[in-house]
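Colleague: For the sequence shown, full-length UniProt numbering begins at 1 and goes up steadily by one. What follows is a single structure, and I will ask about it in a moment.
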Amino acid sequence: MNDKAETKPIVIIGGGGHASVLVDILKQQGRKIVAVISPDDTQNRHVYNDIEIIKKDSDISRFPTSDILLVNGIGVLPGSSLRFKMTDYYSNLGFKFETVVASTAIISPFAILGAGSQVLHGAIIQAGANIGSHCVINTRAVIEHDVHLGSHNFISPGAIICGQCKSEEGVFVGAGATVIQNIELGAGCSVMANALVSRNVLPRQKVYTSQAIVR
């Protein structure tokens with residue numbers, strides 16, 4: 001990111017839990033957040049108290065595309081596509097997405113982090129890793145050496161992706177799951193919480209439990 005991009009105000013898409021974590025990180029870094037776009041009630045999340053809430057996606061038109069950066073605060077559950085659709089929607093309007101890295105995250109200078117990706121508190125990305133665009137590396141997740149993640153991957157809290165694994169687009173890895181070394185994860189597959197993945201997963205397959213039962 002260049003210095004000019006870093007000074008641009010931010011609009012957050014979504015007002016739920018994932019968005020609140022991102023807002024907290026950005027506030028700690030001194031970033032200016034001018035609005036949160038959320039049709040849902042956000043009053044119980046005090047992190048939004050001093051931020052304007054916009055209810056309709058179409059109201060983004062009041063901001064020139066060159067004046068702001070977006071941060072996608074929509075979380076992901078297995079099989080959900082809203083986050084991807086919203087990224088596509090706003091990108092087609094000409095908006096750019098900010099890359100967010102928490103101050104406590106550890107990212108090797110020899111790793112590559114794609115545009116619009118988010119790395120939350122305590123996450124680790126090791127040397128040689130290549131993270132695609134619009135990925136989420138959640139709290140305390142570990143991406144080991146030489147891992148290649150496709151775009152729109154969501155790696156949940158505490159998940160571990162071991163060395164030299166490869167994933168395609170839209171992969172979900174649940175909390176506490178472990179993918180051992182050299183595994184390939186097909187597009188749109190889901191690894192559920194605490195699963196241990198010891199063999200390749202085909203596109204759109206789901207992996208359950210620590211025995212890695214595939215259905």
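Every residue, glycine too, gets a C-beta built ideally from N, C-alpha and C.
Below 8 Å on the Cβ atoms is my contact criterion, and I expect I53 with V36 to pass it. Report the Cβ-Cβ distance as a whole number of Å.
Modeller: One-based indexing of the sequence shown puts residue 53 at position 53. One-based indexing of the sequence shown puts residue 36 at position 36. Indeed they touch by this definition, with Cβ atoms about 5 Å apart.
Colleague: Which two residues bound the contiguous alpha helix (DSSP H) that contains K27?
Modeller: Walking along the sequence shown from the start, residue 27 turns up at place 27. Looking at the DSSP string, the run of the alpha helix (DSSP H) that includes K27 is 17–28.
Colleague: List the whole-angstrom C-beta distance separating V173 from I161, where the pair is believed to meet the contact cut-off of C-beta under 8 Å.
Modeller: By 1-based counting over the sequence shown, the position of residue 173 is 173. By 1-based counting over the sequence shown, the position of residue 161 is 161. That pair is a contact at about 7 Å.
Colleague: Would S20 pass as a contact of R45 if the rule is Cβ separation under 8 Å?
Modeller: As a working mapping, residue 20 is identified with position 20 in the sequence shown. As a working mapping, residue 45 is identified with position 45 in the sequence shown. Yes, the pair counts as a contact, with Cβ atoms nearer than the cut-off.
Colleague: Nearest CA to the CA of Q28: which residue from D40, V101, Q126?
Modeller: As a working mapping, residue 28 is identified with position 28 in the sequence shown. Closest option to Q28, Cα to Cα, is V101.
Colleague: Where does T42 sit, in a helix, a strand or coil, going by DSSP?
Modeller: Here the question's residue 42 lines up with position 42 in the sequence shown. Correct three-state label for T42: coil.
Colleague: Find the nearest neighbour of K32 within the set I143, K8, M86, P64, judged by alpha-carbon distance.
Modeller: For the purposes of this step, residue 32 is taken as residue 32 along the sequence shown, with counting starting at 1. If we check each option's Cα against that of K32, K8 comes out closest.
Colleague: Taking the beta strand (DSSP E) that N49 falls in, what are its first and last residues?
Modeller: Translated into positions along the sequence shown, residue 49 becomes position 49. Here N49 belongs to no beta strand (DSSP E), and DSSP marks it neither H nor E.
Colleague: Can you tell me whether DSSP reads F172 as helix, strand or coil?
Modeller: Taking the first residue of the sequence shown as position 1, residue 172 is located at position 172. Strand.
Colleague: Tell me whether the beta-carbon of R140 lies closer than 8 Å to the beta-carbon of A123.
Modeller: Indexing the sequence shown from 1 puts residue 140 at position 140. Indexing the sequence shown from 1 puts residue 123 at position 123. Yes, the Cβ-Cβ distance between R140 and A123 is below 8 Å.
Colleague: Please state whether DSSP places K166 in a helix, a strand or coil.
Modeller: In the sequence shown, the residue the question calls residue 166 occupies position 166. Here K166 sits in strand by DSSP.
Colleague: In whole angstroms, what separates the C-alpha of I112 from that of T99?
Modeller: Residue numbering aside, residue 112 sits at position 112 when the sequence shown is read from its first letter. Residue numbering aside, residue 99 sits at position 99 when the sequence shown is read from its first letter. I112 and T99 have their C-alpha atoms some 12 Å from each other.
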